[in-house]
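> In the order they appear, the protein sequences are chains R and G.
Residue numbers for the first sequence follow this note's numbering, so the first one is -6 and each next one is one higher.
Residue numbers for the second sequence follow this note's numbering, so the first one is 198 and each next one is one higher.
No residue lacks a Cβ here, since even glycine has one placed at the ideal position from N, Cα and C.
Because the structure is a prediction, the values reported are computed rather than measured.
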Amino acid sequence: MSGTLATAGSFRTKAFPARWPVRLAWIGLAVYALYAASILDVTWPRFVQGLDNGARFLDRMFPPNIKPDKLALLWTGMVESIQIAVLSTFFGILGSLPLGLVAARNLTPPWLSWTARGVIAVFRSFHHVIVAILFVKAVGFGALAGILALIIGTMGFVSKLFAEAIEEMSMKQVEAVRATGASFMSVLAMGVFPQVMARFVGFSTYQLDSNLRNSTMVGLVGGGGIGATLFTAYQRFDYDFVLTILMAIIAVIMLAEVAAGRLRRIFQ
Amino acid sequence: MNSVPTRASLPQGAGGAATQALSGALLIRNLRKEYRAGQPVLKDVSLAVEGRGITAIIGPSGTGKSTLIRCVNRLVDPTSGEIWFAGQDLAALRGKDLRTARRRIGMVFQEYNLVERLSVIENVLCGRLGYLPAWRAFLRRFPEEDVARAFDLLDGVGLGAEFATRRADRLSGGQRQRVGIARAVMQGPELMLADEPTSSLDPKTSVEIMELMARLSAERGIPVIVNIHNVDLARRFANRIIGMSRGEIVFDGPPEALEDHHLQVVYGGEGWLT
Chain R
-6 MSGTLATAGS FRTKAFPARW PVRLAWIGLA VYALYAASIL DVTWPRFVQG
44 LDNGARFLDR MFPPNIKPDK LALLWTGMVE SIQIAVLSTF FGILGSLPLG
94 LVAARNLTPP WLSWTARGVI AVFRSFHHVI VAILFVKAVG FGALAGILAL
144 IIGTMGFVSK LFAEAIEEMS MKQVEAVRAT GASFMSVLAM GVFPQVMARF
194 VGFSTYQLDS NLRNSTMVGL VGGGGIGATL FTAYQRFDYD FVLTILMAII
244 AVIMLAEVAA GRLRRIFQ
Chain G
198 MNSVPTRASL PQGAGGAATQ ALSGALLIRN LRKEYRAGQP VLKDVSLAVE
248 GRGITAIIGP SGTGKSTLIR CVNRLVDPTS GEIWFAGQDL AALRGKDLRT
298 ARRRIGMVFQ EYNLVERLSV IENVLCGRLG YLPAWRAFLR RFPEEDVARA
348 FDLLDGVGLG AEFATRRADR LSGGQRQRVG IARAVMQGPE LMLADEPTSS
398 LDPKTSVEIM ELMARLSAER GIPVIVNIHN VDLARRFANR IIGMSRGEIV
448 FDGPPEALED HHLQVVYGGE GWLT
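1. Interface residues of chain R around G:Cys323 at Cβ under 9 Å?
2. Compile a chain-ordered list of the residues in the stretch 307 to 335 of chain G whose CB is closer than 9 Å to at least one CB of chain R.
3. Output, in chain order, the set of chain G residues within a Cβ distance shorter than 7 Å of R:Pro187.
4. If you measure between the beta carbons of R:Phe116 and R:Gly149, is that distance less than 8 Å?
5. Which one of G:Phe434, G:Leu460, G:Ala381 has the shortest CA to CA distance from R:Ala169?
6. Measure the C-alpha to C-alpha separation of G:Arg325 and R:Ile246 and round it to an integer number of angstroms.
7. Express the C-alpha separation of G:Ala222 and G:Thr285 in angstroms, rounding to a whole number.
8. So with CB distances below 8 Å, who are the chain R contacts of G:Met441?
9. Are the beta-carbon atoms belonging to R:Ile235 and R:Ser197 less than 8 Å from one another?
10. Of all the CB atoms in chain R, is at least one closer than 8 Å to the CB of G:Phe363?
11. Less than 8 Å between C-beta atoms, sequence neighbours within five positions excluded: which residues of the same chain meet that for G:Val463?
12. Checking contacts by CB at 8 Å: is G:Met389 closer than that to chain R?
13. Give me whichever residues DSSP pairs with G:Trp281 in a beta bridge.
14. Quick one: residues in its chain with C-beta nearer than 6 Å to the C-beta of G:Arg249, no 5 flanking neighbours on either side, listed in chain order?
15. Going by alpha carbons, who is nearest to R:Ile140 out of R:Gly218, R:Pro10, R:Phe40?
16. Please list, in chain order, the chain R residues whose beta carbon lies closer than 9 Å to that of G:Asn424.
17. Per DSSP, which residues does G:Met389 bridge with? Please list them.
18. Please report how far the alpha carbon of R:Val180 lies from the alpha carbon of R:Arg229, in whole angstroms.
19. Answer yes if the stretch 64 to 80 of chain R comes into contact with the stretch 241 to 261 of chain R, meaning at least three C-beta pairs across the two stretches below 8 Å, and no otherwise.
20. For R:Lys165, go through chain G and note every residue whose CB falls closer than 8 Å to its CB, in chain order.
21. Any beta-carbon of chain R closer than 8 Å to the one on G:Ala218?
22. What residue range does the beta strand (DSSP E) around G:Ser476 cover?
23. Indicate whether the contact test is met: 3 or more Cβ pairs, each with one atom in the stretch 386 to 401 of chain G and one in the stretch 301 to 309 of chain G, closer than 8 Å.
24. So which of R:Ala252, R:Ala175, R:Thr222 has the shortest CA-CA distance to G:Lys293?
25. Kindly indicate which residue of R:Ala136, R:Gly111, R:Thr108, R:Ile145 has the alpha-carbon position closest to the one of R:Val124.
26. Measure from the alpha carbon of G:Gly295 to the alpha carbon of each residue in G:Leu272, G:Thr276, G:Leu315, then state which is nearest.
27. Have a look at R:Trp37 and R:Phe55 and give me their C-alpha separation to the nearest angstrom.
28. Taking a cut of 8 Å between CB atoms, which residues from the stretch 263 to 278 of chain G lie near chain R?
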């Protein structure tokens, strides 16, 4: 019996055959990395020289500057950043609900969902900082530009994930609600939202967390908040104040992570 | 010879007028469904169900039983044909008219299809959604009398009030199907459809679920059309059996008339009949 089986003799299939495409991909990646490094003058002496500069820079940062006038600046900037984060998250999520819903291919006709997907793709194409630059040009320096930029970012991220959550839900449950004669809105209320709400809250709190990070960054290009303060401090070579700001940002982000976790637990 | 060719025995006049007599009566004429063009799952099925008792549709898997039943409340859109119910051709309805017709037809599913993250009482109240504006559903502001009826019904299907606030995914299969039945009855339906309501349940629970449906059907005068592949259950609870094979009706008659040679026609082969 066993003699008739091709797999039983010396022709047995290898359990771990060589996968040449994978090997070639890794080799290609390594070769390209070396090539790019040589083009961009990424060399060892250059790195060592850079370390030297870095050491001098770090030296000038210590000790952190905690004079009252600087702390007041820090406080105003930080409060503005937090406001940017909260407002942009709130309005971004508000916009994501309908956009994500419309983008879900199992609930809306193709022309509508593909349009919504197009909008989301545009929102996601650019980094927050680039969107912020556009808004700074459009509405001027300040928090408004930062808020608008982060609303776009939030909608791009949350509505895409929301649409995916809706597409992954159980259509059987939706079908049963539909079979009772419920209208589309009632189906949403009792068949769709109960299935996706917990995940939506998860995305939203995560986005609040990352908007805090992002809000410190849009300031660098004129979008208001602590980023603006940081940028000014750099330009004036107030490296000791830069350190104070960086430490404050780290503290706020860590606090935000804890707070977002708490928020998630409350909603779920 | 009991495999009555149903088409000949159908009233040939205006379908609407013919089914007016009894509420819950259903008249299907030349119903055809092709999921892929040229490959019909239902081949011009015609069927009249007068408004009483349990009608069981038996037949092998993939023979179009489920499609037939889903065409009635239009979870599946038929390719052609008419479905007369309460003076309307359901096959031609759209939008609001369709939703109004759907709320008069309760449906029980094989996998219960409860909204898992909702509580039991919320699932039962889903049966009222066709009668309520959406804001009430969003805010869970159901009318008092609906809530009271939902509790009564829970009791009626053998689940006590202590189940009301339990989440649906905490229930066993039999309990879930009871909630599914309560949801369908909550609609105040004139007709109930059941798509393999016992196929996911153990034998004992299956009998209990069929007993429950038979009781509710008798008490409330709601006719039930049930897809079921368990011939014994069909014999025991139905007062009419319809055998389907390859998208066509091959037997139609009372359970006493169903004999082995009919089952051979319905399911094919004979070795399994012992």
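Judging by the given coordinates:
1. One-based indexing of the second sequence puts residue 323 of chain G at position 126. Chain R residues near G:Cys323: Ala169, Val170, Thr173, Ala175, Ser179, Met183, Gly184.
2. Taking 9 Å as the cut-off between beta carbons, the residues of the stretch 307 to 335 of chain G near chain R are Glu308, Tyr309, Asn310, Leu311, Val312, Glu313, Arg314, Leu315, Glu319, Asn320, Leu322, Cys323, Gly324, Arg325, Leu326, Gly327, Tyr328, Leu329, Pro330, Ala331, Trp332, Arg333, Ala334, Phe335, in sequence order.
3. Position 194 of the first sequence, counted from the first residue, corresponds to residue 187 of chain R. Those within 7 Å of R:Pro187 in chain G are Val312, Arg314, Leu315.
4. If you number the first sequence from 1, residue 116 of chain R lands on position 123. If you number the first sequence from 1, residue 149 of chain R lands on position 156. Going by C-beta atoms, R:Phe116 is nearer than 8 Å to R:Gly149.
5. Residue mapping note: residue 169 of chain R aligns to position 176 of the first sequence, counting from 1. If we check each option's Cα against that of R:Ala169, G:Ala381 comes out closest.
6. Stepping through the second sequence from its first residue, residue 325 of chain G is reached at position 128. Stepping through the first sequence from its first residue, residue 246 of chain R is reached at position 253. Roughly 47 Å separates the two Cα atoms.
7. Mapped onto the second sequence, residue 285 of chain G falls at position 88. Mapped onto the second sequence, residue 222 of chain G falls at position 25. It is Gln, not Thr, that sits at residue 285 of chain G in the sequence shown. Spanning the two alpha carbons is a distance of roughly 11 Å.
8. Position 244 of the second sequence, counting from 1, holds the residue named residue 441 of chain G. Residues of chain R passing the Cβ test: none, with the nearest at roughly 22 Å.
9. Taking the first residue of the first sequence as position 1, residue 235 of chain R is located at position 242. Taking the first residue of the first sequence as position 1, residue 197 of chain R is located at position 204. The sequence given here has Val at residue 235 of chain R, not Ile. Contact flag unset, no.
10. Looking up residue 363 of chain G in the second sequence gives position 166. Note that residue 363 of chain G is Arg in the sequence shown, not Phe. So no, G:Arg363 is outside the interface.
11. The count along the second sequence starts at 1 and reaches residue 463 of chain G at position 266. Contacts found: Ile255, Gly256, Pro257, Gly440, Met441, Ser442, Val447, Phe448.
12. Here the question's residue 389 of chain G lines up with position 192 in the second sequence. Any Cβ of chain R closer than 8 Å to the Cβ of G:Met389 would place that residue at the interface, and such an atom is absent.
13. Here residue 281 of chain G corresponds to residue number 84 of the second sequence, with the count starting at 1. Paired residue(s): G:Leu224, G:Asp286.
14. Taking the first residue of the second sequence as 1, we reach residue 249 of chain G at position 52. Cβ neighbours of G:Arg249 beyond the five flanking positions: Pro420.
15. On the first sequence, position 147 is the one that residue 140 of chain R refers to. Answer by Cα proximity: R:Gly218.
16. Counting from one through the second sequence, the residue named residue 424 of chain G turns up at place 227. Within 9 Å Cβ-Cβ: nothing; G:Asn424 doesn't reach chain R, min ~15 Å.
17. On the second sequence, position 192 is the one that residue 389 of chain G refers to. Paired residue(s): G:Gly303, G:Val421.
18. Position 187 of the first sequence holds residue 180 of chain R. Position 236 of the first sequence holds residue 229 of chain R. So the two alpha carbons sit approximately 58 Å from each other.
19. yes
20. On the first sequence, position 172 is the one that residue 165 of chain R refers to. Simply Phe306, Glu308, Asn310.
21. Here the question's residue 218 of chain G lines up with position 21 in the second sequence. In this prediction, G:Ala218 has a pLDDT of 47, which is less than 50 and means its spatial position is unreliable; what the coordinates show is noted afterwards. Output row for G:Ala218: interface = no.
22. The structure shown does not extend to residue 476 of chain G, since chain G is modelled only from 198 to 471, so the question has no answer here.
23. Three or more Cβ pairs drawn from the stretch 386 to 401 of chain G and the stretch 301 to 309 of chain G lie within less than 8 Å of each other, which places the two stretches in contact.
24. Indexing the second sequence from 1 puts residue 293 of chain G at position 96. When each option's Cα is compared against that of G:Lys293, the closest is R:Ala175.
25. On the first sequence, residue 124 of chain R is found 131 positions in, with the first residue counted as 1. For the residues R:Ala136, R:Gly111, R:Thr108, R:Ile145, the minimum Cα distance to R:Val124 belongs to R:Ile145.
26. As a position in the second sequence, residue 295 of chain G is number 98, starting the count at 1. Reading off the sequence, residue 295 of chain G comes out as Leu, not Gly. For G:Leu295, the nearest C-alpha among the options comes from G:Leu272.
27. Mapped onto the first sequence, residue 37 of chain R falls at position 44. Mapped onto the first sequence, residue 55 of chain R falls at position 62. Using only the alpha carbons, I get a separation of about 28 Å.
28. Asn270, Leu272
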